[in-house]
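Numbering (the working numbering), first residue to last: 289 to 435.
Each residue gets a CB set at the ideal place from its N, CA and C atoms; glycine is no exception.
This structure is a prediction, so every number in the text was calculated from the model and none was measured.
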Amino acid sequence: MPDRATPRNQDDRRDVARKFERAEFIGNIGLQLVDCGPGCCESEFRVCDKHRLQDGFVHACVQVTVADRTSGAAAATSTGSGRIVLPVEFKINLLRPGVGARISCRSRVLRPGKNLSVSEPWLHGWGEGSRTWISKAAVTLALGRRA
């Protein structure tokens, strides 16, 4: 995935940003859009105590939520307006304990389609100037029309 995505147009970026802002659960986590472009998206959040397990690691459910939202946004940038994006299959590999003061996620669409898209999100923990790869997922998303 490129270091920085180039949006097809500013409407794509505004639409994705609006979806991040309107989802109350995503706001509760503190997840924010960093960048997006055709078929890719990047998000991040600052790690707080509410994200951690008793041992101090970021909970897997938080990682899944971040991967889901970022993958959906990446798919949305390649579907055109008026489409909804919903996950239908999700697999995550938790490679290392979730560590860092901040977690970032980059997702790219591997296979865009008319009805299904496949996306691959990667999550990294950031702390003390270093980046640690903590998880990777594979997400299949259904693309539909608003009723």
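Item, Value
"Which of the three DSSP states, helix, strand or coil, is assigned to F313?", "helix"
"How should A389 be labelled, buried or exposed, when 16 other C-beta atoms within 10 angstroms of its C-beta is the threshold for buried?", "exposed"
"Roughly how far, in whole angstroms, is the beta-carbon of L319 from the beta-carbon of V304, given that I think they are within contact range, below 8 Å?", "Not really, about 12 Å apart at Cβ, beyond 8 Å."
"Do three or more CB pairs link the region 359-375 to the region 332-339 at distances below 8 Å?", "no"
"Taking only three categories from DSSP, how would you classify H347?", "coil"
"Please name the residue in A362, R434, T420, E377 whose C-alpha comes closest to that of R301.", "A362"
"Give me the Cα-Cα distance between L398 and A348, rounded to the nearest whole angstrom.", "23 Å"
"Closest to T353 by CA distance: which of K424, A430, G432 is it?", "K424"
"Helix, strand or coil for G386? Go by DSSP, reduced to three states.", "strand"
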